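What follows is a single structure, written as structure tokens, with notes after it.
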């Protein structure tokens with residue numbers, strides 16, 4: 595837990611589930627160094643809007659040799675910010691608090707305790723969660739409901755992955771859209787002193803899922819695509835094309851590539867019995883292909899099969915989740 599005796603300015607308290615505490619420590623460290631963790635619109639996640647110093651992606655990317663594309667994933671994901679933004683972060687010091695006891699009773703149900711509720715009162719609070727397993731959802735919901743009731747001035751919940759997002763509709767009578775179920779549970783987070791809790795989710799499966807949440811919370815649906823664009827602005831080859839594993843991915847992400855329509859490739863997905871799929875190239879071709887999707891399993895592993903008959907084509911994948 596960080597000390598704050600020598601820190602001036604307003605403190606933002608950062609809590610995290612044990613599975614993502616390493617991420618919380620990284621965020622605290624980056625903020626202390628004057629760096630910025632940005633969302634798709636250049637705003638610090640979990641904080642009021644700060645001046646953005648990130649330039650827009652250049653209209654014309656510099657041409658580099660094709661072999662340099664192999665190093666596209668070696669750049670840092672954070673960028674230095676200007677003096678004004680540094681002053682903003684200094685005034686909004688982020689402090690990671692490892693003060694939640696995540697214990698269990700003998701029957702397996704959670705036995706939770708927040709040690710610093712008096713220190714929390716009147717401060718802005720951020721909680722980073724992870725719903726990677728149904729077994730950890732209930733304990734985190736219990737904590738989420740408690741923060742506003744312990745007088746947090748404002749509350750932000752960062753949920754990088756919305757696990758039930760792919761079950762967002764009913765195709766046959768009897769199916770249950772569990773995306774709506776989870777959204778209903780999150781919508782029960784109480785109001786804080788400054789109003790509804792904000793729930794930040796990255797690359798949710800379907801944008802219309804924002805309407806599954808009630809007016810009691812504010813869902814903020816962000817995307818990691820701008821981070822990819824900033825990297826490729828300096829590293830990609832003019833022969834690089836952007837491929838989408840299905841029509842859904844194309845409809846979701848192609849608007850983020852407004853100047854690249856001629857270099858977009860669309861794959862077609864046909865479902866078979868069970869969980870089997872056949873992927874074929876529907877439109878487009880290029881000697882170097884970057885697959886863009888929110889899930890790695892379908893975004894690359896299955897699409898890789900349709901690339902096997904074309905060994906001369908270089909291909910790789912970018913995905914928000916390694917699932």
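In the working numbering, the protein residues as written are 595 to 917.
Just so you know, even glycine gets a beta-carbon here, dropped at the ideal spot from N, CA and C.
Small disclaimer: the values here were computed from a predicted structure and weren't measured.
Legend entry - residue 737 beta carbon less than 8 Å from that of residue 780: no
Inset, instruction - For the alpha helix (DSSP H) containing residue 738, list its first residue and its last residue. - result: 731–743
Inset, instruction - Report the three-state DSSP secondary structure of residue 626 (helix, strand or coil). - result: helix
Inset, instruction - Would you mind giving the Cβ-Cβ distance between residue 743 and residue 784, rounded to the nearest angstrom? I have them listed as a contact below 8 Å. - result: 6 Å
Legend entry - DSSP bridge partner residues for residue 792 (one or two, in chain order): 750, 812
Legend entry - Straight-line gap, residue 697 to residue 720 (C-alpha atoms, nearest Å): 21 Å
Inset, instruction - Determine the DSSP secondary structure at residue 785, reduced to helix, strand or coil. - result: coil
Inset, instruction - Measure the C-alpha to C-alpha separation of residue 741 and residue 725 and round it to an integer number of angstroms. - result: 18 Å
Inset, instruction - Could you say which of 853, 766, 729 lies nearest to residue 757 if we only look at CA atoms? - result: 729
Legend entry - Spatial distance of residue 735 from residue 753 (CA atoms): 12 Å
Inset, instruction - Please state if the CB of residue 709 and the CB of residue 622 are separated by a distance shorter than 8 Å. - result: no
Inset, instruction - Return the CA-CA distance between residue 819 and residue 722, expressed in angstroms with no decimal places. - result: 21 Å
Legend entry - C-beta atoms of residue 607 and residue 714 nearer than 8 Å: yes
Inset, instruction - Return the residue from the list 843, 711, 822, 695 that minimises the CA-CA distance to residue 798. - result: 843
Inset, instruction - Look up residue 765 in the DSSP assignment and say whether it is helix, strand or coil. - result: coil
Inset, instruction - Please report how far the alpha carbon of residue 745 lies from the alpha carbon of residue 712, in whole angstroms. - result: 9 Å
Inset, instruction - Hey, could you find the ends of the alpha helix (DSSP H) residue 776 is sitting in? - result: 772–780
Legend entry - Span separating the alpha-carbon of residue 747 from that of residue 790: 11 Å
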